[in-house]
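Counted the way our numbering counts, the sequence shown spans residues 8 to 208.
The beta carbon of each residue, even a glycine, is placed where N, CA and C say it ideally should be.
These notes are about the structure you will find just below.
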Amino acid sequence: MTTESNPPIDPNTPRELEKARSDLKTLRAELQAARAERDTIRAERDDAIKSRDGLKAQFDKQKTEFEGKLTDATAAVTKAQADAVEAGKAAKAQADAAVIRAEAKAAATRLGAVAPEDVVKLIDLGSVKMGENGEIEGLDAVMAAAKEARGYLFSEPPKPGTETGTTKAPAAPQAREPGPLNARTLSDEDYAKQKHQFLNG
Numbered sequence: 008m009t010t011e012s013n014p015p016i017d018p019n020t021p022r023e024l025e026k027a028r029s030d031l032k033t034l035r036a037e038l039q040a041a042r043a044e045r046d047t048i049r050a051e052r053d054d055a056i057k058s059r060d061g062l063k064a065q066f067d068k069q070k071t072e073f074e075g076k077l078t079d080a081t082a083a084v085t086k087a088q089a090d091a092v093e094a095g096k097a098a099k100a101q102a103d104a105a106v107i108r109a110e111a112k113a114a115a116t117r118l119g120a121v122a123p124e125d126v127v128k129l130i131d132l133g134s135v136k137m138g139e140n141g142e143i144e145g146l147d148a149v150m151a152a153a154k155e156a157r158g159y160l161f162s163e164p165p166k167p168g169t170e171t172g173t174t175k176a177p178a179a180p181q182a183r184e185p186g187p188l189n190a191r192t193l194s195d196e197d198y199a200k201q202k203h204q205f206l207n208g
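If you want it as structure tokens, here you go:
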């Protein structure tokens, strides 16, 4: 009969098993640490994604707000420019009207108007325009029509000395004595001066 013989137990086997168990514990601890590190990294990644999404949402909100503000500012600038153009046109029209009225008054005086201001108030200056070169257009026709229609406002204009043959100038106004002083009509400053002069002789 043959007997099976068990191989003899190697005396190093229990030490190797102990070492293998120790290595297994170390590997399990390292695996546990790696999993914990992985979980930490995943949590950090998730936080970073949330932070990125939050920043993106905040950026989008700020971008929308800034675009709205830019649109409002652009509209305000456009409105201000339009208002400035309108104000410039209104100021030019007002200045042109003042020049036209002054020219009309001068023309009325040249035509012999008794009261040139009244003539200017009564005539229609709507057809009179300021030309590109600064000349007044249409004033002569309006003034001629006014003199014809309202002749009572005009007298014969004085003729210059070159036409009449005389160069005599009208007499200068005569100086006259000042009238009595009315203290009620004086300003406070003038009243104080007059009072000081009167009291101090």
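Reduced DSSP secondary structure (H/G/I, E/B, other) of residue i
i	result
Ile7	Given that the chain is displayed from residue 8 to residue 208, the structure contains no residue 7 and the question cannot be resolved.
Glu155	helix
Glu170	helix
Ala100	helix
Ala199	helix
Ala122	coil
Glu23	helix
Glu142	coil
Asn189	coil
Proximity of residue i and residue j at Cβ, strictly below 8 Å
i	j	result
Gln201	Leu193	yes
Leu115	Met150	This sequence places Ala at residue 115; Leu is not what is there. Yes. Within cutoff.
Leu160	Asp125	yes
For residue j and residue i, the rounded distance between their alpha carbons
i	j	result
Glu37	Arg45	12 Å
Lys63	Thr78	22 Å
Arg98	Glu155	At residue 98 the sequence reads Ala, which differs from the Arg that was named. Straight-line Cα distance between these residues: approximately 33 Å.
Ala105	Gly75	44 Å
Gly145	Asp90	31 Å
Gln39	Arg49	15 Å
Glu93	Ala100	10 Å
Ala41	Arg22	28 Å
Asp30	Leu24	10 Å
Asp54	Ala27	40 Å
Asp103	Ala80	34 Å
Val127	Glu142	18 Å
Phe73	Ser58	22 Å
Asp60	Gln69	14 Å
Asn207	Lys96	60 Å
Exercise for review: Could you tell me whether the region 99 to 115 touches the region 130 to 148, using the rule of 3 or more Cβ pairs below 8 Å?
Suggested key: yes
Review point. Does the region 113 to 124 come within contact of the region 68 to 85, defined as at least 3 CB pairs closer than 8 Å?
Key: no
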